[in-house]
Amino acid sequence: MLTSHVRPASCPPLLSLLPAPSDLLLADSKAAAIKRVKSAGTLGDHGGGAGELVLRFFAKTAVLVVSVFILSDHAERIPRLALEYLYAVSLYAFLGFAMDGPASLMTSLIGLQIAPHFNKPFLAESLTSFWGKRWNLTISNCLRGPVYDPIYEGQWVKTQDPHKGGSSMRRFLGMSACFVVSGLMHELIYWYLMGIHTRNWAWLTFFSIQVPFMALETVSKKLMKQYHLHLPRWLSVLVTMAVLLFLADTFFFPPCLETGLADRVLYAIKGNVSQLVIFVLRTK
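When you number the sequence shown by the numbering used here, it's gap-free, plus one each residue, and the end is 288.
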């Protein structure tokens with residue numbers, strides 16, 4: 005969702021969001037195949053040295069602490085969409101807290117290079133960029149091999165021919181399969197926590213519907229390019245975040261907020277963070 009010199013970190017905890025692969029741009033088949041062989045998407049990137057990872061760890065820990073205490077003590081005063089956005093930021097900070105710490109330890113102890121987990125997701129200029137190149141890239145890389153590549157290449161064994169690639173339809177089907185798997189895994193997580201699936205399979209719908217929106221996004225960009233139109237970067241980011249928040253408000257957050265799942269997770273994190281702070285203060 006690995007054949008690079010950079011080894012990916014292990015898959016993060018179950019509460020992570022499961023995105024689509026990082027090389028699923030609707031581009032020319034030959035160019036896309038060559039790009040995958042050269043860098044295997046984000047697996048060819050370096051997540052940073054131990055010092056950089058430690059700084060990220062403490063920064064995300066600080067964001068997590070602040071956001072958790074705001075959500076637990078002042079949630080009723082925050083508008084719904086702003087509240088949901090803050091929940092998304094908290095999830096990002098929690099995953100960074102869970103992964104950047106172990107990653108910095110591995111990097112400093114044995115010099116192992118770690119592929120990046122995130123890449124400034126809240127600055128994404130498109131849905132394709134958000135899911136493929138910025139959000140939870142570890143799971144993206146985990147899904148690529150067993151789900152996307154066999155569909156795109158039409159074979160179970162990875163090809164060594166950089167010129168061999170699938171059609172646009174295979175690429176679309178591969179993307180769709182990855183998001184469906186993401187949705188099913190999240191439904192499984194919800195069932196594990198709550199004993200039932202989400203109402204009307206809302207989480208499965210949230211992930212599955214990303215593909216049509218990404219296709220619409222691609223068509224829109226082609227039309228804009230044809231008429232020599234260009235959105236400023238800040239506006240592209242704003243539109244992308246607005247679309248994601250709209251879809252999350254419609255499908256992803258209701259099962260969390262209506263059943264109390266968000267509060268359960270929030271107070272569990274708050275309790276663990278409080279214990280961690282007390283432990284750190286006592287060791288000084």
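Backbone N, C-alpha and C fix where the C-beta goes; we use that ideal spot for every residue, glycine too.
Terminal residues of the continuous alpha helix (DSSP H) containing residue i?
| i | result |
| --- | --- |
| P154 | 153-157 |
| F134 | First-last for F134: undefined, no H or E at that position. |
| V239 | Looking at the sequence provided, one finds Leu at residue 239 rather than Val. That run of the alpha helix (DSSP H) goes 237-251. |
| I143 | 141-147 |
| R175 | 172-198 |
| S130 | It is not in any alpha helix (DSSP H) - S130 carries neither H nor E in the DSSP assignment. |
| E80 | Element bounds for E80: n/a, residue is neither H nor E. |
| W207 | 206-212 |
| P259 | 257-262 |
Answer yes or no: do residue i and residue j have a C-beta to C-beta separation smaller than 8 Å?
| i | j | result |
| --- | --- | --- |
| F183 | V215 | yes |
| Y91 | F210 | no |
| V67 | A97 | yes |
| Y152 | G178 | yes |
| V72 | L270 | yes |
| L95 | H121 | no |
| P259 | A181 | no |
| L85 | D253 | yes |
| F101 | T132 | no |
| V243 | V69 | no |
| L127 | V247 | no |
Applying the 10 Å Cβ sphere with the 16-neighbour rule, what's the burial state of residue i?
| i | result |
| --- | --- |
| G264 | exposed |
| R250 | Note on identity: in this sequence residue 250 is Phe, with Arg being the wrong assignment. That one is exposed. |
| I114 | exposed |
| G45 | At G45, the pLDDT of 46 sits below 50, so the modelled position is not reliable and the matter cannot be decided from this model. |
| L280 | exposed |
| L208 | buried |
| Y194 | buried |
| E221 | buried |
| E262 | exposed |
| D77 | exposed |
| E157 | buried |
| R237 | exposed |
| M103 | buried |
| H234 | exposed |
| E80 | exposed |
| M173 | exposed |
| P25 | Any answer about P25 is weak, because its pLDDT of 46 lies below 50 and its placement is not dependable; what the coordinates show is given next. With 16 or more other Cβ atoms within 10 Å, it is buried. |
| A272 | exposed |
| N4 | The requested residue 4 does not occur in the structure, where the chain is confined to residues 5 to 288. |
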